[in-house]
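Okay, structure first, notes after.
Numbering (this note's numbering), first residue to last: 90 to 216.
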């Protein structure tokens, strides 16, 4: 699975919420790969880290399904959605922009990067 590119902007001190939909080419219906279908995330976990640079040893944000910041299939009937939820207190502690990627992990421990890009911080004025 090739990762999509999506640049995010986070407003420091505000609750950060994004809903990500994962899709895959529907090659059975359209061999050209131009038609997409939901990619079932049933049984998957997810993780996402934001770092100042790709080479940074420390992270600015560490979001996982285990710590509740990422929720897979947040609404009944969803099969291909990941909700990113970061509290206002947590975004207030972020002090710089960076880069991120989002990975999903299957029950067989197969890791796939599904999204990547820049993570731009819009600094808070009102504190």
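Heads up, the beta-carbon is just placed ideally off N, CA and C, and yes, glycines get one too.
For clarity, every value in this text was computed on a predicted model and none was experimentally measured.
C-alpha distance - residue i paired with residue j, whole-angstrom precision
| i | j | result |
| --- | --- | --- |
| residue 210 | residue 111 | 25 Å |
| residue 116 | residue 198 | 25 Å |
| residue 154 | residue 161 | 7 Å |
| residue 150 | residue 187 | 10 Å |
| residue 101 | residue 202 | 26 Å |
| residue 106 | residue 118 | 33 Å |
| residue 216 | residue 148 | 23 Å |
| residue 156 | residue 138 | 12 Å |
Neighbourhood of residue i by C-beta distance below 6 Å, restricted to the same chain and skipping five residues each side
| i | result |
| --- | --- |
| residue 126 | 115 |
Buried or exposed (CB count within 10 angstroms, at least 16 for buried), residue i
| i | result |
| --- | --- |
| residue 173 | buried |
| residue 183 | buried |
| residue 193 | buried |
Own chain residues within Cβ distance below 8 Å of residue i, not counting five before or after
| i | result |
| --- | --- |
| residue 124 | 114, 115, 118 |
| residue 108 | 163, 170, 171, 172, 173 |
| residue 31 | Missing from the structure shown is residue 31; the chain here goes from 90 to 216 and no further. |
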